[in-house]
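**Student:**
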Amino acid sequence: MPLYTITHTTPLSSTKKDKLATALTNLHATKFTTPKMFVNIRFVNAEHYRIETYVAGKAMEGKENNYLEAHVRAGAERPKELFAELAEEMVKIWEDVVRHDSIRVFIYGDIIGGYEYGFPIPEAGKDQEWMRANLSAFEAKAEEGEEVMRDLVAEIKERKLLG
């Protein structure tokens with residue numbers, strides 16, 4: 501449901517990308533009730549794609565230029581303080597994995613709808629009732645052999661996401 505985009509000039513090995521993706525997925529899944537399979541992480545190498553960034557009206561070319569952006573579902577159940585905590589934890593993950601403090605974090609509460617794995621995404625704070633309403637469909641897809649649905653059903657039970 502969320503989409504995290506890491507735009508970076510600092511070189512990231514596959515191992516570092518894996519660690520960042522795992523840590524951000526776990527962070528989001530535990531801070532909210534989002535199942536891990538719905539946490540999307542995308543890496544964009546700014547050097548490779550020639551993304552030009554300006555800060556304070558000055559080109560950042562040749563300088564470390566790393567952004568971690570999170571597009572999330574906002575709602576009354578998710579106060580600003582919760583997102584401030586999320587931002588701090590995102591910075592810590594970057595610093596722990598990359599060993600570099602050159603990161604800017606932005607969180608956008610702009611996801612108002614979407615569709616993943618054949619299901620419309622729920623409103624923020626409505627994950628439990630959405631999972632309850634769709635559990636039989638998740639289980640049917642899991643029984644048909646869809647690995648991602650098997651993982652989802654197992655996670656719902658393991659993490660007791662239905663309450």
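So the mapping is simple: the working numbering equals the position in the sequence shown, first residue as 1, plus 500. All C-beta atoms, glycine included, are put in the ideal place defined by N, C-alpha and C.
1. Per DSSP, what kind of secondary structure is residue 554 in: helix, strand or coil?
2. May I have the straight-line CA-CA distance separating residue 588 from residue 545, to the nearest angstrom?
3. Taking only runs of the beta strand (DSSP E) that begin and end inside the region 520–568, which ones reach a length of at least 3 residues, in chain order?
4. Name, in chain order, the residues that DSSP records as bridge partners for residue 616.
5. By how many angstroms is the C-alpha of residue 519 removed from the C-alpha of residue 513?
6. Given residue 567, which residues of its chain have a CB within under 6 Å of its CB, disregarding the five upstream and five downstream residues?
7. What would DSSP say about residue 572, mapped onto helix, strand or coil?
8. So the alpha helix (DSSP H) residue 603 belongs to, where does it begin and stop?
9. Can you tell which of 652, 524, 535 and 657 has its C-alpha closest to the C-alpha of residue 570?
10. Return helix, strand or coil for residue 507, following the three-state DSSP convention.
**Tutor:** The answer reads as follows:
1. Numbered from 1 along the sequence shown, position 54 holds the residue referred to as residue 554. Here residue 554 sits in strand by DSSP.
2. The residue labelled residue 588 in the question sits at position 88 within the sequence shown. The residue labelled residue 545 in the question sits at position 45 within the sequence shown. Cα to Cα, the separation comes out at about 23 Å.
3. 540–545
4. Sequence index remark: in the sequence shown, residue 616 carries index 116 (1-based). Answer is 619, bridged to residue 616.
5. Position 13 of the sequence shown, counting from 1, holds the residue named residue 513. Position 19 of the sequence shown, counting from 1, holds the residue named residue 519. Between residue 513 and residue 519, the C-alpha separation is close to 10 Å.
6. One-based indexing of the sequence shown puts residue 567 at position 67. Same-chain partners within the cutoff: 507 and 604.
7. In the sequence shown, counting from the first residue as 1, residue 572 sits at position 72. If DSSP states are grouped into helix, strand and coil, residue 572 belongs with coil.
8. Within the sequence shown, numbered from 1, the residue matching residue 603 stands at position 103. Segment: none, residue 603 is in no alpha helix (DSSP H) and carries neither H nor E.
9. One-based indexing of the sequence shown puts residue 570 at position 70. Answer by Cα proximity: 524.
10. On the sequence shown, position 7 is the one that residue 507 refers to. In the structure shown, residue 507 sits in a strand (DSSP, three-state: E or B).
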